Structure formats: C-alpha cells, structure tokens
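K.L.:
Take the sequence shown: its letters are residues 61 to 216, numbered as in the working numbering.
No residue lacks a Cβ here, since even glycine has one placed at the ideal position from N, Cα and C.
Please read all numbers here as calculations on a predicted model, not as lab measurements.
Quick one: this structure, given as structure tokens, is what I'll be asking you about.
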Amino acid sequence: MSDDGIPSLYAWAGGLPAFERLTEIFYQRVPDDPLLAPLFARMDAHHPRFVALFIAEVFGGPAGYSEQRGGHHAMLAKHVGRHLSEAQRARWMALLLECADAAGLPDDPEFRSAFVGYVEWGTRLAVMNSQLGQLPDEQAPMPAWGWGETGGPYRG
Numbered sequence: 061m062s063d064d065g066i067p068s069l070y071a072w073a074g075g076l077p078a079f080e081r082l083t084e085i086f087y088q089r090v091p092d093d094p095l096l097a098p099l100f101a102r103m104d105a106h107h108p109r110f111v112a113l114f115i116a117e118v119f120g121g122p123a124g125y126s127e128q129r130g131g132h133h134a135m136l137a138k139h140v141g142r143h144l145s146e147a148q149r150a151r152w153m154a155l156l157l158e159c160a161d162a163a164g165l166p167d168d169p170e171f172r173s174a175f176v177g178y179v180e181w182g183t184r185l186a187v188m189n190s191q192l193g194q195l196p197d198e199q200a201p202m203p204a205w206g207w208g209e210t211g212g213p214y215r216g
C-alpha cells in the first residue's frame, strides 16, 4: 500500500495467486486457439508461472521475474524474431481479458482500465520487438504500472 493508502494493482488484484490463476486459465485455453496455438506449441511447462511473475512485478508486486528471469529486457528478448502479427496480438489480448473474468480478477472500472491499458501497451511492444531488425534495449527498465496514465508517448 502506498503512503496515501492506495493499494498497488498487484495488491488490489489479489497478489501473485490471482495472476497465477489468470495465466493458468489463459495457457490452458491457448492450445484450442488457431491463432495462438502455433506460437506456444513448444512452451516450457513453467511458462504460465513466469508470465504471472512478470505481470505481478509490473503491477507492483515483488521483483520475482527480474530476480529469476532477468527483467524486462529478458521478456522483450523472448519476442525477437517471432514475427507476431496484429491479429495474434489482438487475439492474445482478447483471450487474456476473457480469462481475467474467469480468474476472478477485480472487475471495477479503475482496475480494468489499468489492466487493459497495460495489456494493450505490452502486446504492442511485443509485436514491435518481434519484427526483423528489432533488438530490445538492454537497459529497458521493468515497467511499473499504476492506476494512472502512461505519462506521454512511447519513444523507443
């Protein structure tokens, strides 16, 4: 909780268990999705947990992803050369939002606005970093998503 008494998105969502539920449900549904299944055909069995750790950290939780997996640069690097399409990005986002309901994430407008804002931003960044010639910034800081606006245009 911040000094002003406002909980982090991580705390409001229910902590790491909430994000683990979300990613477990999501990755259980991926094999049945014609657009997404090929992207995750060789997915590590621990992938849902890694993604949960990442989202949890972005939303104000512990730095588990950074400590165990290498931080934002490491996540961006997972997308290099994958040639993600806009259709795949949009489907990933839509399925994740469906799964947020199934996982019982808070459905109040403020939380969902922040959640959707991050997912929209993050999926677009993933597509950008998946194209030929794109290399993620090795110094890219871990995003710290909160209840408010992003603070200006993306400058790469």
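Mind reading off the beta-carbon distance from F86 to L155? Whole number of angstroms is fine, and I expect it under 8 angstroms.
P.N.:
For this step, residue 86 is matched to residue 26 along the sequence shown. For this step, residue 155 is matched to residue 95 along the sequence shown. Contact flag correct, Cβ pair sits at about 6 angstroms.
K.L.:
Would you mind reading off the limits of the alpha helix (DSSP H) that contains A97?
P.N.:
Taking the sequence shown and counting its residues from 1, the one referred to as residue 97 is at position 37. Neither: A97 is in no alpha helix (DSSP H) and is coded neither H nor E.
K.L.:
Can you give the beta carbon distance from L82 to F171, rounded, assuming they're within the 8 angstroms contact cut?
P.N.:
Indexing the sequence shown from 1 puts residue 82 at position 22. Indexing the sequence shown from 1 puts residue 171 at position 111. Rounded, the Cβ-Cβ distance is 13 angstroms, inconsistent with contact.
K.L.:
Under DSSP, the alpha helix (DSSP H) around W72 begins and ends at which residues?
P.N.:
Here the question's residue 72 lines up with position 12 in the sequence shown. That run of the alpha helix (DSSP H) goes L69 to A73.
K.L.:
Determine the DSSP secondary structure at P108, reduced to helix, strand or coil.
P.N.:
Mapped onto the sequence shown, residue 108 falls at position 48. Helix at P108.
K.L.:
Please classify I66 as buried or exposed, where buried requires at least 16 other C-beta atoms within 10 Å of its C-beta.
P.N.:
As a first step, residue 66 must be located in the sequence shown, where it is residue number 6. I66 comes out exposed.
K.L.:
Roughly how many angstroms separate the alpha carbons of G177 and G208, rounded to a whole number?
P.N.:
Residue 177 sits at position 117 when you count from the first residue of the sequence shown. Residue 208 sits at position 148 when you count from the first residue of the sequence shown. Using only the alpha carbons, I get a separation of about 10 angstroms.
K.L.:
Under three-state DSSP, which class holds A116?
P.N.:
In the sequence shown, the residue the question calls residue 116 occupies position 56. Helix, per DSSP.
K.L.:
Considering only the alpha carbon of each residue, which of L165, F175 and T183 lies closest to R149?
P.N.:
To locate residue 149, count along the sequence shown from 1; it is residue 89. Comparing Cα-Cα distances from R149 to each of L165, F175 and T183, the minimum goes to T183.
K.L.:
Contact criterion: CB-CB distance below 8 angstroms. Does A200 meet it with respect to chain D?
P.N.:
In summary, chain D is missing from the structure at hand, where a single protein chain is found.
K.L.:
Using a Cβ-Cβ cutoff of less than 6 angstroms, which residues in the same chain neighbour F175 once the five nearest sequence positions on both sides are dropped?
P.N.:
Counting from 1 along the sequence shown, the entry for residue 175 is found at position 115. Within the same chain, F175 has no close Cβ partners at all.
K.L.:
Output yes or no for whether 8 angstroms exceeds the beta carbon distance between L165 and A78.
P.N.:
In the sequence shown, the residue the question calls residue 165 occupies position 105. In the sequence shown, the residue the question calls residue 78 occupies position 18. Contact: yes.
K.L.:
Out of R109, A112, P91 and F110, which has the shortest C-alpha to C-alpha gap to R102?
P.N.:
For this step, residue 102 is matched to residue 42 along the sequence shown. Of the listed residues, the one whose Cα sits closest to R102 is P91.
K.L.:
Is DSSP giving L156 helix, strand or coil here?
P.N.:
The residue you call residue 156 lines up with position 96 of the sequence shown. L156 falls in the helix class under three-state DSSP.
K.L.:
Once DSSP output is grouped into helix, strand and coil, what is the label at M188?
P.N.:
Start at 1 with the first residue of the sequence shown, and residue 188 comes out as number 128. Three-state result, M188: helix.
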